[in-house]
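All residue numbers for the sequence shown refer to our numbering, where the first residue is 489 and numbers rise by one.
I have placed the structure first, in the form of structure tokens, so that the comments after it can refer back to it.
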Amino acid sequence: MSSRETPAREVRVAAENIGGIDSDELTFAPGVTVLSGRNATNRTSFLQAIMAGLGSERSSLKGDADEGFVDLEIGEETYTRTLTRHGDQVSYGGDPYLDDPQLADLFAFLLENNEARRAVERGDDLRELIMRPVDTADIESEITELEREKQRIDSQIDEYERLQSELPSLETERTEIEADLEEARAEREEVQAAIEEADVSLEESRSQKQEIEDAFDRLREARSDLEDLEFELEAERTTLADLTDERDELESRLAEAEAADEDPQRLAGRIEELRNRQRALNETLSQLGSVISFNEEMLEGDGLDLEEADVAGDGGTGELTDQLVAEADRTVCWTCGSEVDADRIEETVDRLRDLRTEKLSERNELQEQINDLTSKKSEIERTERELDRARRRLSEIETEIETTEERIADLEERIDDQEERVEELEDETETVGGEYDDVLELHREANELDLRIDRLESDLQDIDDQIEERESAEAQHESLQDRREEIAEELTELRTRVDRIEEESVESFNEHMASVLEVLEYDNIERIWIERKTRNVREGRRKVTKSTFDLQIVRVADDGTTYRDTIDHLSESEREVIGLVFALAGYLVHEVYEELPVMLFDSLEAIDSDRIARVIDYFEEFADYLVVALLPEDAEAVIDASTAVAEF
């Protein structure tokens, strides 16, 4: 899974004014590196320095400093990170290892406040977190664009097949035109021969002959110009019809469009308000989780150890403690120090659990409201953008229609003028020639045959072009078929990408959770897994199917029976392990190791030393560099011959 096929390279990190660090430097090699030390010895600060050099913006600048930096050397490559204070804000600069640290922040930098670790404890939407790096909007955009391209290709293929079906009729039409052309040319030769024979009698009046020829040349040119104008007019009328149809369609669409029943700005305000409430609930849930966890641990340990306490001035004799311990059904309240029934404390903890369940339900309802409002806002904004585009296009079409109508009017006027010109020239050819009426008629016939031959040659050229287009389209047709198959595969991949990532995430979590539970030997846990379910939710005005990740827990009672349980009843150690495994699933599914072969661990104190060692041993397989901050007593359980240790 990791990139250990690459040559082993040492990593050197030099940091100044990061977290609580004034100035420090550390070099570590591939494998496990333990930062060993007591609390407040800048172990976490140094992890933040590594994060900053790798690209994260979740590192802090030293409180009394205006600037800080990190130099990160991996082999012969050097990366830099600068932090600069601007009032209450800190800006990040330099050239870090990662351009986008989102995946690393979620699934590789596993410090205490890492979202993947805390998501399990808080009961957050696990599916949302694992899918956050997936730009579903971009996927939908790609799908839309590919569908449009597929429609264009389908239209082109349909057009090609239609053109192919026309080949036989075009071949027949070409044969007929060639026959007509041959006949017209033969007639023209006969007329030309008659003209040449008649011209013998015209030798005495060459100027008259030239006048006749010039008149027919002018007539032929005028008729050709008239045909060009009529063709141009037909093209403009077709354009006008298409523009009018598009205008009518846009006007109908805009007339049918319903006004938005909500203002997107108001929705944005409502969404922000709900998110603020959700953040407050997250804080409350976190506090409740800590209180419940603390009380559960205290109940399991029979309260505080007061054997050495000087209670009520007894001089530390322990008599009061002995008396309290002797009463099996009573304990000492670790909040106020008074003697209370253990059942009363358990009842209070149960009420706290119920309260936390209510708060979880309330937060889930808030999330659904946020999702619905966000979808509604996006739908309204998308509709408004489409309507704005339609209005702009309608305005453009109105201008184009006006311009086209002007061109049509101009062409119609020019055609009228040209028709008059043709009539005048026809009259001129009838009056010219005088006693040469027979010769004049021959010239007129020759002129008409010339026009006919020109039209037939033009028609034949058009037919040849169409036949060539159809015959040469075979290669294009094959390439279009190939591209259509590629698009179909791409669409399938895009449409299944979200499902595939969800399935792989669940499969990865469940596989590694089972392995870690076996390695850590939690006797009272039978199984922990994620169950992927689907439900219908409303997005704007439509209902869509969405996935949810439900965390399932089966525990083992003292008598060996199994029962379903919730995350609330797990110990802090167990919740921490689940959070780490969930982060590992994200690290593997999103292939973070391909881009970043580093994982960072911190705040593992809730897990006992032996299990910390086993967790680190398990995770070591998946990253080239595993850097862990531990207390000295926990570090002792981890350290072996292959472990590098840095004392803090």
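C-beta: ideal position from N, C-alpha, C; glycine also.
Between which two residues does the beta strand (DSSP E) holding residue i run?
i            : result
residue 567  : 565 to 574
residue 511  : 511 to 516
residue 580  : 577 to 581
residue 1088 : 1086 to 1089
residue 500  : 499 to 504
residue 1052 : 1050 to 1053
residue 523  : 519 to 524
Thinking C-beta only, is residue j closer than 7 Å to residue i?
i            : j            : result
residue 1007 : residue 877  : no
residue 523  : residue 1107 : no
residue 645  : residue 971  : no
residue 502  : residue 559  : yes
residue 1044 : residue 1014 : yes
residue 721  : residue 906  : no
residue 515  : residue 504  : no
residue 861  : residue 763  : no
residue 717  : residue 913  : no
residue 1104 : residue 1080 : no
residue 765  : residue 843  : no
residue 937  : residue 676  : yes
residue 930  : residue 674  : no
residue 770  : residue 610  : yes
residue 1035 : residue 990  : yes
residue 1064 : residue 1094 : yes
residue 1114 : residue 1087 : yes
residue 557  : residue 1075 : no
residue 547  : residue 539  : yes
residue 1037 : residue 591  : no
residue 896  : residue 731  : no
residue 634  : residue 885  : no
residue 944  : residue 669  : yes
residue 568  : residue 555  : no
residue 1040 : residue 1019 : yes
residue 865  : residue 773  : no
residue 745  : residue 655  : no
residue 856  : residue 752  : no
With distances taken Cα to Cα, identify the nearest neighbour of residue i among the options.
i            : options                : result
residue 451  : 683, 1016, 507, 521    : Shown here, the chain extends from 489 to 1136; a query on residue 451 therefore has no answer.
residue 1119 : 506, 634, 531          : 531
residue 631  : 703, 985, 780          : 985
residue 1070 : 597, 767, 576, 1083    : 597
residue 999  : 1017, 987, 516, 546    : 1017
residue 841  : 1095, 1058, 1113       : 1058
residue 541  : 549, 529, 586          : 586
residue 1046 : 1019, 974, 557, 1012   : 1012
residue 832  : 553, 880, 783, 979     : 783
residue 915  : 904, 932, 903, 899     : 932
residue 1111 : 754, 615, 1089         : 1089
residue 526  : 1132, 1130, 1123, 1128 : 1123
residue 863  : 507, 756, 1056         : 756
residue 1084 : 975, 518, 978, 579     : 518
residue 701  : 635, 934, 581          : 934
residue 1140 : 879, 511, 894          : Residue 1140 is absent from the structure shown; the chain starts at 489 and stops at 1136.
residue 967  : 577, 648, 513          : 648
residue 775  : 871, 980, 1050, 606    : 606
residue 760  : 859, 1048, 684         : 859
Can you name the start and end residues of the alpha helix (DSSP H) that residue i belongs to?
i            : result
residue 1061 : 1060 to 1077
residue 1097 : 1097 to 1107
residue 541  : 531 to 542
residue 1134 : Looking at the DSSP string, residue 1134 is not in any alpha helix (DSSP H); the run it does join, the beta strand (DSSP E), is 1132 to 1135.
residue 1121 : 1120 to 1126
residue 561  : No alpha helix (DSSP H) contains residue 561, which is instead part of the beta strand (DSSP E) from 555 to 562.
residue 1081 : 1080 to 1083
Measure the beta-carbon distance from residue i to residue j and round it to whole angstroms, keeping in mind my assumption that it falls under 8 Å.
i            : j           : result
residue 909  : residue 672 : Wrong, their Cβ atoms sit about 25 Å apart, outside the cutoff.
residue 1073 : residue 993 : 6 Å
residue 958  : residue 652 : 6 Å
residue 599  : residue 535 : 6 Å
residue 917  : residue 704 : 6 Å
residue 528  : residue 509 : Rounded, the Cβ-Cβ distance is 12 Å, inconsistent with contact.
residue 533  : residue 507 : 3 Å
residue 566  : residue 581 : Not confirmed; about 15 Å, so no contact.
residue 627  : residue 982 : 5 Å
residue 659  : residue 955 : 7 Å
residue 727  : residue 892 : 6 Å
In the region 593 to 665, which residue ranges form an unbroken alpha helix (DSSP H) of at least 4 residues, counting only runs that do not cross its ends? 603 to 610, 614 to 619
Ordered list of alpha helix (DSSP H) runs contained in the region 682 to 747, each at least 4 residues: 694 to 744
Within the region 858 to 923, note down every full alpha helix (DSSP H) run reaching 4 residues or more, in order along the chain. none
Every unbroken alpha helix (DSSP H) within the region 923 to 1009, with a cutoff of 4 residues, ordered by chain: 925 to 1008
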